[in-house]
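Peer 1: Below are the structure tokens for one structure; questions will follow.
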């Protein structure tokens, strides 16, 4: 006699609140005690549990009277809920009584705890093979199954014990996942997450170590060391112990700036070369040789087909005899993957990413990837300068070492790739002009470009090899469906499969969407799916251009109509977001939902393949789906509803950026006042500076797009206030051109709004950006206009800021009397409004100009007063500036010991905060002090280090310091190591 058929159609969730579904319908599991019984049975799935053991696991010591009868009642209740179609007295195929006790057999794919175990096993197998991307993918998927604590809200002896055990296992997996992500080069994105984990689990040394490592790899050594000292104080205060050996050893390695800690995915040491190549020494760019970027997105799981295209791509590789320009010693290779007839959704990106992962071992120096957004529905294609800046960040160049001018950045990018074997994937390019500045000049590099256009210009000027990518063959399309819904279902109804493939126009995007729906509805015959697709239609005419486009639109419509109404509404609203991606918190604000509600709907959209989730809480729409969503919003949502959603979205980013800016620049003294956001928007909150800066880095492209969207939607106040909030981040990260462009848009918006205060603020901010770009005439023009506006408004604090910026301008121009006048007027204004930080900064400025004019005693009094005040308020950055001023004054007074002490204190702070320009400037001055004391060797070392830093920054002072150093070398100054 055969046993019962395997039970299918049910899914159980233990990792979070206990939940169960039949298909897409959630089941009511009854009262709490009955739910505890189900939880215990699920934790013993496929293992019999005796009646007495089950009673103990449910009630423990508090066993009620007639516990066996209660247990039988709960089991009967569960059978009715889980097997409603089972005839009375018929044996259960799911929850049976055996000689050994109750046996629940949910099946291997229906229980999230088992899926979690399976994914962890898959991750460990991938790691054993050296497949770090596969390891990361499996670990991310495993952690994505968690929706809260095990059986949240329930209690019982077994449930409580298992909750603690699995919570500890989850944390161990989380540590492992972060460690693997770090090895793949995701340092910047991880800092904020790891910091939050150290707050939530303060005694877990592993998280503290990961935070130190992430900060160190992000070039933030001082912050990494500070993270160790915070952990050490915490362990001492809470437990009375020192950190463990592993954490202490990591601290020592960071303190010594061990280059092996910066190693990328292949774990080579700092001098170990890729196979077959000699070790290289650091170049003049200052880039560590161990920085190995690994920017490729995760490949699509279960990629099938496209064998001919893959073979052709392989043939283009250097050394594959593919023709001129791609062989060894040639000009490198450039392949253009282009869609025949401009077809979208044909799988260009999927192919490029899959192939890039396939050959990445041939490019041991790293892989760069960027989505150029050439056909984004918002029309905001990425400028090549933005892409280059992203590549420089990925290559580990500290922000302060990146040249100001775009041409300098492009030159640095090409220099960094010279003689390196790197793969560069330029995805979704608009035209050849967008691509050319991004192509490396090294013959050892290889570039892959995807575009809907042919990009003939690249073939002419760069010898690019075209690869036309057409529709999938019927066999390939069938294989794609088979990977998603199973070959057994395909074989059962070949006619329906043929119709489905025809409806999807053999396009991977459409096939993925239909396959996702069919996979979750295994009881629905494929014939029914084919008929629904054939009948699907829409009044929308979103996609023009032939049968393929029409069919894709029908697939979108068919999938959209199967969404729940809340998910369908969120999908439409996502079409209002300019992209390129969105976080869960921003999506909740856009839709006016709680974060939990938004995540549920985002999960539904992701499961339907209408939305992709490349990492964590980030989501993105294919550009065709973004256009489709936007069209739906225009036709199905009222204009007032769209406008309100847009305001909620803009409010979210503005208030989040405002809070983040105050962490990045906590002593900012030119505050603005925001209007409260529309309910229920609150914006994002940040624990500290690192989390705020990580958010800016993550949202950089979104924030720029959002400012432009605010302008298009006529939310003019949001335009100039968002630019104000972005300024500290732009300044810290060195995005001078982005800063200037954002503040130019802000000024235009303030004029459109007619806000005198907005115009004054924007004139001042754009002048600040122009100062960084050495556009001094423009600075003076905008400062005069800002001053006129602040005077008309009677805004004394605003006038103080203008005078302080004008004093900076006059110092650059060498007009010290005028600079002193502006500094004094700034001081008077700050004192009039009782602004302590502004007063301290102005005191330092007055002292500086007095020193430049030879009035050293007066200068000393002002700067000492400034330093005292800055130490009271805790403003470290301005303390360094003031210490530098005092160093100059003591040097002029020939008080060399005091001058050296002031400069060294300033250097310590500048290095802590990563201010390379001021570090170089102070080193140059310290060299003067050392020379005056007769220590010519130390002076030469200080000037040499200053010159290196200034050259890395592309600063005009580098030549002056080099000339000084050369003159002293001729006079006999030895060059030792820098201090």
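Residue numbers (my numbering): 23 to 1001.
Beta carbons are placed, not taken as given, at the ideal position from N, Cα and C, and that holds for glycine.
Does DSSP classify residue 71 as helix, strand or coil?
Peer 2: It is a strand residue.
Peer 1: Residues in its own chain within less than 8 Å of residue 895 by CB, not counting five upstream and five downstream?
Peer 2: Around residue 895: 689, 858, 859, 862.
Peer 1: Taking residue 472 as part of the beta strand (DSSP E), name the residues at either end of that continuous run.
Peer 2: Counting along the chain, the beta strand (DSSP E) containing residue 472 begins and ends at 468 to 473.
Peer 1: Give a yes or no on whether the C-beta atoms belonging to residue 650 and residue 578 are separated by under 7 Å.
Peer 2: Result yes, Cβ atoms of residue 650 and residue 578 sit closer than 7 Å.
Peer 1: Assign residue 241 to one of two classes, buried (16 or more other C-beta atoms within 10 Å of its C-beta) or exposed (fewer than that).
Peer 2: Buried.
Peer 1: Give the single residue among 126, 593, 700 whose Cα lies nearest to the Cα of residue 114.
Peer 2: Taking only the C-alpha atoms, the option nearest residue 114 is 126.
Peer 1: May I ask which residues mark the beginning and end of the beta strand (DSSP E) holding residue 447?
Peer 2: First-last of the beta strand (DSSP E) with residue 447: 445 to 451.
Peer 1: For residue 431, I'd like the list of residues in its chain whose CB is within less than 8 Å of its CB, leaving aside the five on either flank, ordered along the chain.
Peer 2: Hits under 8 Å: 407, 410, 411, 414, 424, 425.
Peer 1: Taking only the alpha-carbon atoms, compute the straight-line gap between residue 160 and residue 731 and give it to the nearest angstrom.
Peer 2: Going from the Cα of residue 160 to the Cα of residue 731 covers about 37 Å.
Peer 1: Under the assumption that residue 394 contacts residue 456 (Cβ atoms under 8 Å), give the Cβ distance between them as a whole number of angstroms.
Peer 2: Between residue 456 and residue 394 the Cβ distance is about 6 Å, and since that is below 8 Å, they are a contact.
Peer 1: Check this for me: beta carbons of residue 36 and residue 135, under 7 Å apart or not?
Peer 2: Taking 7 Å as the Cβ cut-off, residue 36 and residue 135 qualify as a contacting pair.
Peer 1: How about residue 445 and residue 468: do their beta carbons lie closer than 7 Å?
Peer 2: Yes, they are a contact pair.
Peer 1: Which residues mark the beginning and the end of the alpha helix (DSSP H) in which residue 708 is found?
Peer 2: Looking at the DSSP string, residue 708 is not in any alpha helix (DSSP H), and its letter there is neither H nor E.
Peer 1: Closer than 8 Å is the cut-off here; do at least three beta carbon pairs connect the region 485 to 496 with the region 367 to 385?
Peer 2: Yes, the region 485 to 496 is in contact with the region 367 to 385.
Peer 1: Looking at residue 727: is its Cβ nearer than 7 Å to the Cβ of residue 600?
Peer 2: Yes, the pair counts as a contact, with Cβ atoms nearer than the cut-off.
Peer 1: Going straight from the alpha carbon of residue 200 to that of residue 165, what length do you get?
Peer 2: Looking at the two C-alpha atoms, the distance is approximately 11 Å.
Peer 1: Out of curiosity, what's the CA-to-CA distance linking residue 547 and residue 530?
Peer 2: Each residue's Cα considered, the two are about 21 Å apart.
Peer 1: Would residue 202 and residue 158 qualify as a contact pair, given that the criterion is a beta-carbon distance under 7 Å?
Peer 2: Yes.
Peer 1: Whole angstroms is fine: what's the gap from residue 951's alpha carbon to residue 798's?
Peer 2: Going from the Cα of residue 951 to the Cα of residue 798 covers about 31 Å.
Peer 1: Is residue 42 helix, strand or coil by DSSP?
Peer 2: Here residue 42 sits in strand by DSSP.
Peer 1: Report all residues from its chain with a CB closer than 6 Å to the CB of residue 550; omit the five preceding and five following residues, and keep chain order.
Peer 2: Correct list: empty, nothing qualifies.
Peer 1: Do three or more CB pairs link the region 667 to 682 to the region 595 to 612 at distances below 8 Å?
Peer 2: Short answer: they touch.
Peer 1: Just mark residue 500 as buried or exposed, buried being the case when its beta carbon has 16 or more other beta carbons within 10 Å.
Peer 2: It is buried - the Cβ of residue 500 has at least 16 other Cβ atoms within 10 Å.
Peer 1: Among 339, 519, 331, whose alpha-carbon lies nearest the alpha-carbon of residue 369?
Peer 2: Ranking the options by Cα distance to residue 369, first place goes to 331.
Peer 1: Looking at the structure shown, is residue 152 part of a helix, part of a strand, or coil, going by DSSP?
Peer 2: Here residue 152 sits in coil by DSSP.
Peer 1: How would you label residue 944, buried or exposed, when you count the other beta carbons within 10 angstroms and need 16 or more for buried?
Peer 2: Buried: at least 16 other Cβ atoms inside 10 Å.
Peer 1: Based on Cα-Cα distance, which residue from 479, 832, 654, 79 lies nearest to residue 59?
Peer 2: The shortest C-alpha separation from residue 59 is found at 79.
Peer 1: Report back the beta-carbon spacing between residue 744 and residue 729 to the nearest angstrom; my notes put them in contact at under 8 Å.
Peer 2: Contact holds; Cβ gap of about 5 Å.
Peer 1: Out of 387, 53, 257, 251, which has the shortest C-alpha to C-alpha gap to residue 315?
Peer 2: With distances taken between Cα atoms, residue 315 lies closest to 387.
Peer 1: In this structure, how does DSSP classify residue 506 when only helix, strand and coil are distinguished?
Peer 2: Residue 506 falls in the helix class under three-state DSSP.
Peer 1: Along the beta strand (DSSP E) that carries residue 122, what are the first and last residues, could you check?
Peer 2: No beta strand (DSSP E) contains residue 122, which DSSP labels as neither H nor E.
Peer 1: Going by the DSSP bridge assignment, what does residue 604 pair with across the sheet?
Peer 2: DSSP lists 641 as partners of residue 604.
Peer 1: To the nearest angstrom, report how far apart residue 965 and residue 972 are at their CA atoms.
Peer 2: If I take the Cα positions, the gap works out to 10 Å.
Peer 1: Using a Cβ-Cβ cutoff of less than 7 Å, which residues in the same chain neighbour residue 321 once the five nearest sequence positions on both sides are dropped?
Peer 2: Hits under 7 Å: 375, 376, 379.
Peer 1: So for residue 635, helix, strand or coil by DSSP?
Peer 2: If DSSP states are grouped into helix, strand and coil, residue 635 belongs with the strands.
Peer 1: Spatial neighbours of residue 915 within its chain, please: C-beta separation below 6 Å, excluding the five flanking residues on both sides.
Peer 2: Excluding residues within five positions, the ones whose Cβ falls inside 6 Å are 878.
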